[in-house]
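Take 1 as the starting number for the sequence shown in UniProt numbering and just add one per residue.
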Amino acid sequence: MFAQDARSVILHKIQVPSMVLNGTLPYVILDCQYGLNQTEKDGLVLKWALNGRTIYQWIPPTQPQGLGALRGKINLDYDVSPNPFQRHRALYLYSPTTEMTGDYTCKVSTLQNEVTLSKKMVVYEPPKLVKFTHQRNILQQVNLTCMVDHAYPEPSLRIFHGFRNQR
Numbered sequence: 001m002f003a004q005d006a007r008s009v010i011l012h013k014i015q016v017p018s019m020v021l022n023g024t025l026p027y028v029i030l031d032c033q034y035g036l037n038q039t040e041k042d043g044l045v046l047k048w049a050l051n052g053r054t055i056y057q058w059i060p061p062t063q064p065q066g067l068g069a070l071r072g073k074i075n076l077d078y079d080v081s082p083n084p085f086q087r088h089r090a091l092y093l094y095s096p097t098t099e100m101t102g103d104y105t106c107k108v109s110t111l112q113n114e115v116t117l118s119k120k121m122v123v124y125e126p127p128k129l130v131k132f133t134h135q136r137n138i139l140q141q142v143n144l145t146c147m148v149d150h151a152y153p154e155p156s157l158r159i160f161h162g163f164r165n166q167r
């Protein structure tokens, strides 16, 4: 572990749910836990990005702003802490849907330093239909068909023949 400058902002961790079932939760909370030195508080800027695009910005003591694609899907009044320099560090997302799948990055900037951490959240939709059929033609060749409908993310299929891991 490297020695940290006593004046540097430290990003301890971000909490992002890895998997969420589409349409089942009224909200999810993504939290960005950091530590600040007293001298860094004046220049604090916290941003959340989804797949590299800023969706949330907070500059204390002002209210946070929702930006971009998720602008109307963020609770900007949510307080995670009574500390005025931690109050709006968390991202409260209403009704997570598959469009919210992606890499979430928290960036904490001060006049002296900038740190980021990222985690992926997948909002998934199980298939509404799975159909697997097989047909053998007159040459004894086998045709396998797999149909999956309304699933997210796009599923992958692996077919094994015989014993063990022979494909």
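All C-beta atoms, glycine included, are put in the ideal place defined by N, C-alpha and C.
Check: Buried or exposed: where does GLN4 fall if 16 or more other Cβ atoms within 10 Å of its Cβ makes it buried?
Finding: Since pLDDT at GLN4 reaches only 46, below the 50 mark, its modelled position is unreliable, and no value is offered.
Next item on the list: Indicate the three-state DSSP secondary structure (helix, strand or coil) for GLN4 in the structure shown.
Entry: Confidence in GLN4 is poor, its pLDDT being 46 and thus under 50, which makes the residue's placement too unreliable to answer from.
Notebook entry, point to check: How many angstroms separate the CA atom of LEU129 from the CA atom of LEU157?
Noted result: 15 Å
Check: Whose CA, out of LEU50, LYS13, MET19, lies closest to the CA of GLY35?
Finding: LYS13
Next item on the list: State the DSSP-derived secondary structure class of ALA49, mapped to helix, strand or coil.
Entry: strand
Notebook entry, point to check: Residues in its own chain within less than 6 Å of LEU70 by CB, not counting five upstream and five downstream?
Noted result: ILE55
Next item on the list: Tell me VAL108's beta-bridge partners as DSSP assigns them.
Entry: LEU46, VAL115
Notebook entry, point to check: Which residue comes first and which comes last in the beta strand (DSSP E) that contains ILE14?
Noted result: 10-15
Notebook entry, point to check: Going by other Cβ atoms of all chains shown within 10 Å of its Cβ, with 16 needed for buried, is ILE138 buried or exposed?
Noted result: exposed
Notebook entry, point to check: Do you know how far the Cα of LEU21 is from the Cα of SER95?
Noted result: 10 Å
Next item on the list: Taking TYR92 as part of the beta strand (DSSP E), name the residues at either end of that continuous run.
Entry: 91-94
Margin query: Among the candidates GLY23, ARG53, VAL80, PRO61, whose CA atom is the shortest distance from the CA of LYS41?
Written below: PRO61
Item checked: VAL142 classed as buried or exposed, judged by whether at least 16 other C-beta atoms fall within 10 angstroms -> exposed
Checklist line | Distance between beta carbons of TYR152 and VAL16, contact taken as under 8 Å | finding: Contact flag wrong, Cβ pair sits at about 18 Å.
Next item on the list: Please list, in chain order, all residues of the same chain as ILE29 whose beta carbon is under 6 Å from its beta carbon, the five residues on each side excluded.
Entry: ALA90, TYR92
Item checked: beta strand (DSSP E) segment containing ASN143, residue limits -> 142-149
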